[in-house]
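In the working numbering, the protein residues as written are 18 to 147.
We put the beta carbon where it would ideally sit given N, CA and C, even for glycine.
Let me begin by presenting the structure, written as structure tokens, before commenting on it.
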């Protein structure tokens with residue numbers, strides 16, 4: 018029994034200048050995660066970061082996108098994205114939890130996840146949004 022899978026030929030995707038400009042403009046909005054914009058457009062976040070850097074020679078890496086007094090990541094209503102409320106970066110994570118609310122049709126799912134297990138929460142969210 019052969020358990021090897023056949024190799025697939027990867028084809029490099031080409032994107033129009035208009036598409037790149039639109040996605041870069043979305044990513045430049047305040048309080049929007051570059052990774053979330055990339056994900057909503059089916060892109061790798063590193064590719065989008067390169068497009069942003071290439072579009073602006075004075076581009077400065079903005080660290081994490083949690084600038085703002087509330088510490089919330091704000092996103093437009095884009096299919097595939099779930100707004101997640103995060104604690105202010107200066108607050109302690111001990112004893113706090115990540116709270117997620119998902120609406121689908123008439124159903125609502127609310128989840129509280131320990132802050133210490135945020136990596137596991139991210140993996141769960143990725144599976145949920147596939």
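What does a CB cutoff of less than 6 Å around residue i pick up in its chain, not counting 5 residues either side in sequence?
{"i": "residue 128", "result": "117"}
{"i": "residue 126", "result": "119"}
{"i": "residue 93", "result": "A caution first: residue 93 carries a pLDDT of 46, below 50, which makes its placement in the model too unreliable to give a value."}
From the DSSP output, in three-state form, read off residue i for me.
{"i": "residue 127", "result": "strand"}
{"i": "residue 119", "result": "strand"}
{"i": "residue 1", "result": "Residue 1 lies beyond the stretch modelled for the chain, which goes from 18 to 147, so this question has no answer here."}
{"i": "residue 58", "result": "coil"}
{"i": "residue 38", "result": "helix"}
{"i": "residue 45", "result": "coil"}
Quick one: what's residue i bridged to in DSSP?
{"i": "residue 114", "result": "131"}
Measuring CA to CA, which of the options is closest to residue i?
{"i": "residue 36", "options": "123, 65, 119 and 52", "result": "65"}
{"i": "residue 62", "options": "41, 134 and 126", "result": "41"}
{"i": "residue 135", "options": "68, 115, 126 and 70", "result": "115"}
{"i": "residue 131", "options": "59, 46, 122 and 141", "result": "141"}
{"i": "residue 143", "options": "28, 56 and 26", "result": "56"}
{"i": "residue 60", "options": "122, 31 and 113", "result": "31"}
Apart from the five residues just before and just after residue i, which ones in its own chain have a Cβ nearer than 8 Å to its Cβ?
{"i": "residue 69", "result": "41, 44, 45, 51 and 76"}
{"i": "residue 137", "result": "130"}
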